[in-house]
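Below: the structure, in structure tokens.
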Amino acid sequence: MLFTKARLHIKTEIREWIDEQWPWLVEKLNMGDLAEHLVIEPTDEFFPDKWEASREAVQNLFGTVVEYAEVDRDRVLLGLLEPQEEMPAALLKQDDKYLLPIEISELRDPTVVVAILSRKLALLRLIDAGLDLKRDDLPLLMDLACVVMGLGIFNANAAVPQVPR
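Adding 23 to a residue's 1-based position in the sequence shown gives its number in my numbering.
Shown next, in the form of structure tokens:
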């Protein structure tokens, strides 16, 4: 059939969860009218700095992502770590700041770096909003928060391996 009715290819319970969480997240993250917020894209317009896996480039990218995530730059620090046997915590509280650790081995692809930083910053915004961190759906909520914050493209692109064209 040529003219079939369009439908979402997700399970009904997932769609219902998204429909329920979306307005709650918009409110909790103080996003207001989402039409007034940018959708951040992996283009030179949003990321004009040349990428290289150096400390300076990572710090510049970190500052850019923090700004897009609408987090106060003075509250967060970037920690570059050697690869660990166990995954480091997403956030580490240090006095009045949060350290966002990222393994050096993850710096090869800027899309992955932005996705990792976006999720960590989404978690910080959710903590600020008073979220119960014991929620079973916390990882999904962090991903959805990235979308609400305009950074969801990076999580989607980082999750899908590049296919040769």
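A virtual CB, placed ideally from N, CA and C, is assigned to each residue, including glycine.
Let me know the secondary structure DSSP gives Leu-100 once reduced to three states.
strand
Can you list, in chain order, the residues of its chain whose CB lies under 7 Å from that of Ala-179, leaving out five sequence neighbours each side?
none
Give me the DSSP bridge partner(s) of Ile-125.
Leu-103
Are Trp-74 and Pro-133 close, meaning C-beta to C-beta below 8 Å?
yes
Hey, which unbroken runs of the alpha helix (DSSP H) at 4 residues or more fall wholly within the stretch 137–180?
161–171
Relative to the alpha-carbon of Val-96, which residue among Leu-149, Thr-87, Leu-61 has its alpha-carbon at the smallest distance?
In the sequence under discussion, the amino acid at residue 96 is Arg, which differs from the Val named in the question. Taking only the C-alpha atoms, the option nearest Arg-96 is Thr-87.
Going by CA-CA distance only, name the one from Gln-107, Ile-41, Leu-156, Leu-164 that's closest to Ser-141.
Leu-164
Does Leu-57 come out as helix, strand or coil in the three-state DSSP assignment?
helix
So if DSSP puts Gln-117 in a beta bridge, which residue, or which two residues, is it bridged to?
Lys-120
Where Leu-221 and Thr-27 are concerned, what is the direct C-alpha to C-alpha distance, given to the nearest angstrom?
With the chain covering 24 to 188 only, the question about residue 221 has no answer from this structure.
Measuring only the C-alpha atoms, how far is Glu-68 from Met-110?
33 Å
Does DSSP classify Glu-39 as helix, strand or coil?
helix
Just the C-alpha distance for Met-172 and Glu-108, rounded to the nearest angstrom, thanks.
31 Å
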